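Working notes, structure below.
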């Protein structure tokens, strides 16, 4: 079972689903909201997308999921009311037992509140309530790349975090073709992450690859692969030795129905299915018009040649040998004998 499949089936703690203009993460959110065998009850708070676009059948399984549609609460309109207290009350009044709380999306909530600090304070209060309930309880936050993102990923909110980031396949294709960098395990992890992380964090770069000249032209791929995208997983936990935090970063694919290996995605199959090339260091003696190699007898003859700077001596102490040059002025006279010292 892949890590993403395990996260969807049994989410716990704090889970952040990050979408962008160039790639949405909604298919994963829909999978998390599907009825499952886990005993937890789900509360969905919709601030951006209507619940009908997130839950397949709103009328079924009402005993497992409660939906709170706040999409019509828009600041500046008569329908506006602050949703924070209503959200806290709904969580407090939920039946005892494990609880899954899903908020879509946090950046919309932060825009309604008009304060990142107040939004973070509210999210922290939510997470405190959820953490006090029986496990496995989880807080799932869906958001776009925004200024609020660094606040919810810091350890002040939760030392344990599962961060799911959706990327367009065009980004991986660009790294392979432009930098000859394959994602692990096909290529070295240090090289790939050193290039991938700074480029992926620049949102305009992915937008250019998707919407620019020669781009795929859609936020999820092109043609038969329109539902495919790449998922970056950042899993932060606490190690057993001395409580040190551990961070794991890996890539998986999504083919529209569920997780899939990157090399099996239609948009990346041609690039990642190539036979691995054995890269060897360049031989400076290759493709020259003369032979630079020595035979065994030539190597033995060269080894018997005495070196002019190597003096054979049985003395145990070090000796300095100096041969005067023709221009050296060496005599036994004192150069300062005319001085009255």
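Numbering (full-length UniProt numbering), first residue to last: 1 to 341.
Glycine included, each C-beta is placed from N, C-alpha and C at the ideal position.
Please read all numbers here as calculations on a predicted model, not as lab measurements.
Does the distance from the CB of residue i to the CB of residue j come in under 7 Å?
{"i": "residue 2", "j": "residue 259", "result": "yes"}
{"i": "residue 343", "j": "residue 162", "result": "Nothing about residue 343 can be read from this structure; the chain reaches only from 1 to 341."}
{"i": "residue 145", "j": "residue 22", "result": "no"}
{"i": "residue 106", "j": "residue 143", "result": "yes"}
{"i": "residue 134", "j": "residue 187", "result": "no"}
{"i": "residue 184", "j": "residue 192", "result": "yes"}
{"i": "residue 116", "j": "residue 148", "result": "yes"}
{"i": "residue 206", "j": "residue 169", "result": "no"}
{"i": "residue 14", "j": "residue 175", "result": "no"}
{"i": "residue 172", "j": "residue 268", "result": "yes"}
Which whole-angstrom value is the C-beta distance of residue i and residue j, which I expect to be below 8 Å?
{"i": "residue 141", "j": "residue 103", "result": "5 Å"}
{"i": "residue 160", "j": "residue 126", "result": "Rounded, the Cβ-Cβ distance is 16 Å, inconsistent with contact."}
{"i": "residue 66", "j": "residue 43", "result": "5 Å"}
{"i": "residue 112", "j": "residue 75", "result": "5 Å"}
{"i": "residue 272", "j": "residue 263", "result": "4 Å"}
Can you have a look at residue i and say buried or exposed, based on whether 16 or more other CB atoms are within 10 angstroms of its CB?
{"i": "residue 321", "result": "exposed"}
{"i": "residue 253", "result": "buried"}
{"i": "residue 308", "result": "exposed"}
{"i": "residue 298", "result": "exposed"}
{"i": "residue 77", "result": "exposed"}
{"i": "residue 4", "result": "buried"}
{"i": "residue 229", "result": "buried"}
{"i": "residue 343", "result": "Nothing about residue 343 can be read from this structure; the chain reaches only from 1 to 341."}
{"i": "residue 231", "result": "buried"}
{"i": "residue 290", "result": "exposed"}
{"i": "residue 196", "result": "buried"}
{"i": "residue 200", "result": "buried"}
{"i": "residue 130", "result": "buried"}
{"i": "residue 345", "result": "Residue coverage of the chain in this structure runs from 1 to 341, which leaves residue 345 outside it and unanswerable."}
Could you please give me the residues that DSSP links to residue i through a beta bridge?
{"i": "residue 254", "result": "229 and 259"}
{"i": "residue 237", "result": "246"}
{"i": "residue 326", "result": "Residue 326 is not bridged to any residue."}
{"i": "residue 142", "result": "17 and 104"}
Which residues mark the beginning and the end of the alpha helix (DSSP H) in which residue i is found?
{"i": "residue 47", "result": "Run containing residue 47: none; DSSP gives neither H nor E here."}
{"i": "residue 18", "result": "No alpha helix (DSSP H) holds residue 18; the beta strand (DSSP E) holding it covers 13-19."}
{"i": "residue 131", "result": "116-131"}
{"i": "residue 86", "result": "84-92"}
{"i": "residue 147", "result": "Taken as a continuous stretch (DSSP letters only), residue 147 belongs to no alpha helix (DSSP H), as it is neither H nor E."}
Over the uninterrupted beta strand (DSSP E) stretch that includes residue i, give me the two end residues.
{"i": "residue 104", "result": "99-104"}
{"i": "residue 162", "result": "161-167"}
{"i": "residue 69", "result": "65-69"}
Of all Cβ atoms in chain D, is any one closer than 7 Å to the Cβ of residue i?
{"i": "residue 67", "result": "You won't find chain D in this structure, because it holds only one protein chain."}
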